[in-house]
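FYI, in our numbering the residues of the sequence shown are 2 to 599. Just so it is clear, CB atoms sit at the ideal spot from N, CA and C, and this is done for glycine as well. This report refers to the structure that appears directly beneath it.
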Amino acid sequence: MRKFLVVLNWFPKGRKSMRFRSRNYINSWGRFFWFAAFIVSTFVLFNGFSYSNFHFLFGERFEPVLKFARKTPTANAIVSGEHPVTQILSVRETVLLPDQVILFLKYPRSARLFTKEELECVYLSAHNTSPGPRLKQSPARVDTEQLGEQIVRCPSGPRGLLITVGSKSNGVFPAGPTHHWDSLAYEALVDNDNTTVVFVKGLNLRPERVSNASRFECVYGEDFSRLKLVLRSEVLSIAQEIVRCRTPLIVLNSKKKVNSSVKVSVRIKGGGTLPSIARLGFLSDSGRDPLPTRKPHETCICTMARNQARFLKEWVMYHALIGVQRWYIYDNNSDDDTAQVIESLFNAGYNISRHIWPWVKTQEGGFSHCALRAKGSCEWIGFIDVDEFLHLPSGLFLHDVISNLTSITTSFGNISIGEIRVSCYSFGPSGLKRIPKQGVMVGYTCRLVVPERHKSIVKPEALNSTLINIVHHFHLRDDFRFIDVDRRMMVVNHYKYQVWEVFKQKFYRRVATYVADWKDEQNVGSKDRAPGLGTRAVEPVDWSSRFCEVTDTGLKDRVLQNFANPKNSLLPWQTTTNKKAGTWFVEEKNTSAREGID
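Shown next as structure tokens:
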């Protein structure tokens, strides 16, 4: 039992009449009653709220003064019989993905972060039936999320075991709260209009449909099991896996204090609340609406990539040569050299950032997240994959093509264009059996005749507030329209069916939410699959000659004519990159210090 002591002293002074003393005695007991009630209420309130909640609600000057007789245990106490460890780090959250486990680590200020070589993934008995760890494995990857925080990716362990981390020199650290990926609020951002956008899994809403917002509410706090201790707010819109909420004023007025310290979730009225690891982050332009009339970048590109390190250099450098100024790379659990390649491009002066996005089958949510971040920086942003290249047959720069396409005047006046839809040509292996040394644009020259679908370049502020998208395009606000581009002006060369060594990686897992993985026995006839391959990654004998209906050397010819070094015929991505002037880079890892995200 916790114990506290309240001492009350009441000393009446001087001689007083019996009548006066009686009245004073009654008044004093009244004061005692209300004072005691205040103390009890404070005790209950203090037990219900954590100190962080007081800090959040009342600011830095509020300091609870109640002191309890029993000391609280150390945060990093001894675990499973191993030697005690000091408070070096804590496991803030753990998320169980289908094929791996993500652990979010929090370090004290000024503490040195462990390296991948120093950390271990530790698997403990969930019921303390074993005196020590049941299993230890090396982490697949360790990334720095922001100052004092890390993301550790561990292999999935046997069922029934808790997963935590340890270090060889400091022992095992206590496991943190564990969440299942199929029901979770996982990201939250405050938009520039001061609304909160929450990204969730588990609501099972229909794709491309706006759902009934009145059935839900947003909650802000730390412990969502006690609804009396959280802030509630109205849901303004809800569609697919994105919820937009009215942000409470107390949160907006305490931006610096709540940044990354307050979690957000979604509650089904009359039902339960989704578990949450979504800590509130603020965009760099949050609260500044309308947006500036002139943004830093005319054209940007966003992509979600997994293990595309060997192709990133060609993709970034080529698009820079046709006018792209900014790249947002959402790294979806890469275990190759993606981070190192991005860093080398940064060192070469390219305005590129890596954003850790470990969430599986959330490409639509990732693109919506990226559109929010780009709103204050990019006039236009394209959403294409690393194996997709914009081809401009006219020879113009990208921003000139966009300007020509969007300067449309009719008898009714100007039309506001919010989205440019670009047809995609799918290229095949083109007779190759090895990865082409000069890159995909020069190596693959045979494609299908008919375009497959399209990709989009959008104005971020033209997007519907629901942020609904199906990867290929977004829903727009009522006052904006989309335009289909003439293929003589711009197309996307999609090097979809490359040599088998590359292509077989598509069987690992699809990144889009509403498409089946190729190894699953469903939607086998879908256009998202490779015709005739089925569900097994077995190379057909005639693979190198498939998907070849017409020869197309348009982009190859332009690349060799305009970008090859006249002395040695090498292309820019075949040589050491040269420093470019006037550009900058921000290394962003999962919302980049959460405040001032660009």
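- In the three-state reduction of the DSSP assignment, residue 501 falls in the helix class.
- Residue 562: member of the alpha helix (DSSP H) spanning 555 to 564, first to last residue.
- The alpha-carbon separation between residue 141 and residue 154 amounts to approximately 5 Å.
- For residue 371, no beta strand (DSSP E) segment is defined; the enclosing uninterrupted segment is the alpha helix (DSSP H) at 364 to 375.
- With a threshold of 16 other beta carbon atoms within 10 Å, residue 378 meets it and is buried.
- For the segment 397 to 446, the continuous beta strand (DSSP E) assignments of 3+ residues that do not extend past its boundaries occur at 418 to 427, in sequence order.
- Listed in chain order, the non-local C-beta contacts of residue 121 below 8 Å within the same chain comprise 137, 138, 139, 140, 166, 167, 168, 169, local neighbours out to five positions each way being set aside.
- Assignment of beta strand (DSSP E) within the segment 222 to 285, counting only whole runs of 3 or more residues, yields 232 to 240, 243 to 247, 264 to 269, 282 to 284 in chain order.
- Per the coordinates, the alpha-carbon of residue 447 lies some 29 Å from the alpha-carbon of residue 335.
- Annotation for residue 469: no alpha helix (DSSP H) segment contains it, and DSSP assigns it neither H nor E.
- In the structure shown, the three-state DSSP call for residue 506 is helix.
- Here DSSP, grouped into helix, strand and coil, assigns residue 570 to coil.
- Counted as a single uninterrupted DSSP element, the stretch harbouring residue 576 is not any alpha helix (DSSP H), since DSSP gives it neither H nor E.
- Comparing alpha-carbon positions, the option among 254, 279, 156, 339 lying closest to residue 93 turns out to be 279.
- If the five residues before and after residue 375 are omitted, its C-beta is found closer than 6 Å to the C-beta atoms of 301, 382, 461, all from its own chain and listed in chain order.
- Under the three-state reduction of DSSP output, residue 461 falls in the helix class.
- Fewer than three pairs of CB atoms, one per stretch, sit closer than 8 Å, so the segment 382 to 402 makes no contact with the segment 344 to 358.
- In this structure, the straight-line span from the alpha carbon of residue 575 to that of residue 432 is close to 22 Å.
- Around the beta carbon of residue 181, a 10 Å sphere encloses fewer than 16 other beta carbons of the protein chains shown; the residue is thus reported as exposed.
- Note that the C-beta distance between residue 225 and residue 274 is below 7 Å.
- When Cβ pairs closer than 8 Å are counted between the two stretches, the segment 299 to 313 is seen to touch the segment 329 to 346, the count reaching three or more.
- Take the alpha-carbon of residue 296 and the one of residue 380: they are about 6 Å apart.
- Buried is the label assigned to residue 370, since at least 16 other Cβ atoms lie within 10 Å of its Cβ.
- Bounds of the alpha helix (DSSP H) holding residue 319 are 310 to 322.
- With fewer than 16 neighbouring CB atoms inside 10 Å of its own CB, residue 567 falls in the exposed class.
- One thing to note: residue 114 has its Cβ no nearer than 7 Å to the Cβ of residue 147.
- In this structure, residue 193 sits away from residue 248, with a CB-CB distance that is not shorter than 7 Å.
- The segment 547 to 566 makes no contact with the segment 463 to 474; the number of CB pairs closer than 8 Å stays below 3.
- In the displayed model, residue 111 falls within coil according to three-state DSSP, outside both helix and strand.
- Going by DSSP, residue 343 is part of the alpha helix (DSSP H) stretching over 339 to 348.
- In the DSSP annotation of this structure, residue 480 is not part of any beta strand (DSSP E), being labelled neither H nor E.
- Rounded to whole angstroms, residue 557 and residue 441 show a C-alpha spacing of 9 Å.
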